[in-house]
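Note sheet for the following structure.
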Amino acid sequence: MWEQHQFLMYQCLSLPFAFLFYFLSKRGYLSLTYRYLCVSIVGCVLAILTMGVYSAFLFTSAFVFILLVLSVDPNCIHIWVFGVQMSWQTFWHLLIQYREYYLHEPVDIRLFLAVSSLMLLTQRITSVSMDIQEKKVVFLLNASTLNKMNVIFLPLISYTLNFTTLLGGPLCSYSQFVSLMEGIRLNPPPNPLGVVSFKLIQVLLLGWVRYCLVYFLKRNAYDSSSSTALYGLLWVWGVGLALRIEYYTHWRISECLNNTAGLGFCENVKSDTPNWSGICDGDFWAIEASIHMSDFARRWNSTTALWLRRLVYIRCKHFQLFMTFGFSLWWHGLHLGHFVGFLTWAATVKADYYIHRYMFPKLSSKWKQLLYICLSWINTQMIVTCVVIAVELRDMSGLRLLSVTYVGLFPLCNIIVLFIFLKASTV
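This note's numbering numbers the first residue of the sequence shown as 48 and each following residue consecutively.
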């Protein structure tokens, strides 16, 4: 259990510290300064315990980021932060590939943990750099404030190394983090034990479903020489679902950790029960019910999707969709499976737009619309399965699996339709 679910177990072990932080903050035992110190110190300890020596390059990123904020003009800060951080992150991604594919050495799990946390750190510091460049966050650095640097940058350091988001999302803005940290004492949220217990039950149920699914898939493995094509499609779909459930489990436990610390409560939302959806990466049912690839792309890991939209999509003038997914494969590590998976995802989202715009107005009766919805859902599920398997397996093994089971025909057909529409539009 520990070896297979280290991310999950480390976050579960952090829950008592998160609740202790919430309790002490709400009762007034921790001032705002000590609250910031607490989340950053616990974050540093958690990084050292989980990553060992590799935690050093996480601290290096945070230190360099603070130096850039101090020394670079706000109008240029984002370019510098983005360039330095992505260069640093890419170096470690390429080092992992060098060890795996060239030296054929097993890579330390602590290095994988550190690189994953570095990716999340990239999200947070580029989000802040965009806020500074757009003047949503202003740091007044002058002679009168230089003596209070620890007060000015303590929230920034805490946001960067916060233990509730160190090993997993969701991403929240710097301004939202500061307001939540200030509000936990001035206007404390209700006790989170109820919602955290409910979400932990969901985590256990998801884990149980995944265990049963993996057990069934192992006992009834697909054999290309004896299994039918339909069985191959269903078996690979099950593999993709098991991989996606692992994501949902990690997102839910990350929400639990943030909620336990008092973060994520929506005070302005009127509801019969306390609403703790302020920090959320997506709901299992809403995501899996998507009938269009574009809907799935927006709902899947929603805070990361919003970050990519702000960082790349809005800023690009040409080929916005492909540039966004292209950056996403760069951010994920540049493996062969990433190239195939993310570029397929981009092409099928684009194809989905044309297909839906062309087909839906032609569906006059209810049964035709219902049939179209069912077929669209199946198509979306199969394409998502292809993307997840290609991205998760990363190498040729995933691509071979998609080819022998004919699952790869689904995105291929969508891409062919896309080329037909594009060719027709240019005629």
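Even for Gly, the Cβ is constructed at its ideal location relative to N, Cα and C. From a predicted model like this one, the values you see are computed outputs, not experimental measurements.
Under the three-state DSSP convention, the category Cys460 falls into
Three-state result, Cys460: helix.
By the three-class DSSP mapping on this structure, what secondary structure does Thr80 have?
Residue state for Thr80 is assigned as helix, using DSSP reduced to three classes.
Inter-residue Cα distance where the pair is Tyr294 and Asn426:
Straight through space, the alpha carbons of Asn426 and Tyr294 are spaced by roughly 21 Å.
With 16 as the cutoff for other CB atoms within 10 Å, does Lys246 come out buried or exposed?
The residue is buried, with at least 16 neighbouring Cβ atoms inside 10 Å.
Nearest to Leu376 by alpha carbon, out of Leu390, Asp330 and Leu281?
Just measuring C-alpha positions, the residue of Leu390, Asp330 and Leu281 sitting nearest Leu376 is Leu390.
Would you grab the beta carbon distance between Cys219 and Ile143 for me? Rounded to a whole angstrom, and I think it's under 8 Å.
With 8 Å as the limit, Cys219 and Ile143 do not qualify as a contact, their Cβ atoms being about 28 Å apart.
Using a 10 Å radius around the Cβ and a threshold of 16 neighbouring Cβ atoms, would you call Cys123 buried or exposed?
Here Cys123 is exposed. Its C-beta has fewer than 16 other C-beta atoms within 10 Å.
Environment of Ser87 [buried if 16+ CB atoms lie within 10 Å]:
Result: buried.
Taking all protein chains shown into account, do 16 or more other C-beta atoms lie within 10 angstroms of the C-beta of Gly455, making it buried, or fewer, making it exposed?
Within a 10 Å sphere around the beta-carbon of Gly455 sit 16 or more other beta-carbons, which makes this residue buried.
Beta-carbon proximity list for Phe369, same chain, < 7 Å, skipping 5 on both sides
Annotation for Phe369: Ala393 place their beta carbon closer than 7 Å to its own, counting only its chain and skipping 5 residues before and after.
Nearest candidate by alpha-carbon position, reference Tyr149, set Asp155, Leu141 and Ile156:
Of Asp155, Leu141 and Ile156, the residue nearest in Cα terms is Leu141.
Would you mind sorting Tyr83 into buried or exposed? The rule is 16 or more other CB atoms within 10 Å of its CB.
Classification for Tyr83: buried.
Beta-carbon contacts of Glu147 that lie in its chain and below 7 Å, excluding the five residues immediately before and after
Closer than 7 Å at the Cβ level, and outside the excluded window around Glu147, lie Val154.
Please report how far the alpha carbon of Ser101 lies from the alpha carbon of Val162, in whole angstroms.
As written in the sequence, residue 101 is Tyr, which differs from the Ser given in the question. Cα to Cα, the separation comes out at about 9 Å.
I'd like to know if the stretch 210-224 and the stretch 52-67 are in contact, where contact means that at least 3 CB-CB pairs between them fall below 8 Å.
Using a C-beta cut-off of 8 Å, the stretch 210-224 makes contact with the stretch 52-67, since at least three inter-stretch Cβ pairs fall below that distance.
When you compare only the Cα positions, how much space is there between Lys415 and Cys433?
Looking at the two C-alpha atoms, the distance is approximately 27 Å.
I'd like the span of the alpha helix (DSSP H) that includes Asp178, first residue to last.
Taken as a continuous stretch (DSSP letters only), the alpha helix (DSSP H) holding Asp178 covers Ile156 to Gln180.
Would Thr207 and Ala308 be called neighbours here (beta carbons separated by less than 7 Å)?
Result no, Cβ atoms of Thr207 and Ala308 do not sit closer than 7 Å.
If you draw a straight line from the C-alpha of Pro458 to the C-alpha of Lys409, how long is it?
Distance between the alpha carbons of Pro458 and Lys409: 23 Å.
Taking one C-beta from the stretch 247-263 and one from the stretch 221-229 each time, how about it: are there three or more such pairs within less than 8 Å?
Touching, no, given that fewer than three Cβ pairs across the two stretches are closer than 8 Å.
Just mark Met98 as buried or exposed, buried being the case when its beta carbon has 16 or more other beta carbons within 10 Å.
That one is buried.
Taking the runs of the alpha helix (DSSP H) that are 4 residues or longer, which of them lie wholly in the stretch 291-377?
Within the stretch 291-377, the complete alpha helix (DSSP H) runs of at least 4 residues are 331-335, 340-346 and 349-355.
Thinking C-beta only, is Asp328 closer than 7 Å to Pro217?
Remark: C-beta atoms of Pro217 and Asp328 approach each other more closely than 7 Å.
DSSP state of Lys413 mapped onto helix, strand, coil:
Lys413: helix per DSSP, three-state reduction.
Compute the Euclidean distance between the alpha carbons of Leu422 and Ile467, then round it to the nearest angstrom.
The alpha-carbon separation between Leu422 and Ile467 amounts to approximately 20 Å.
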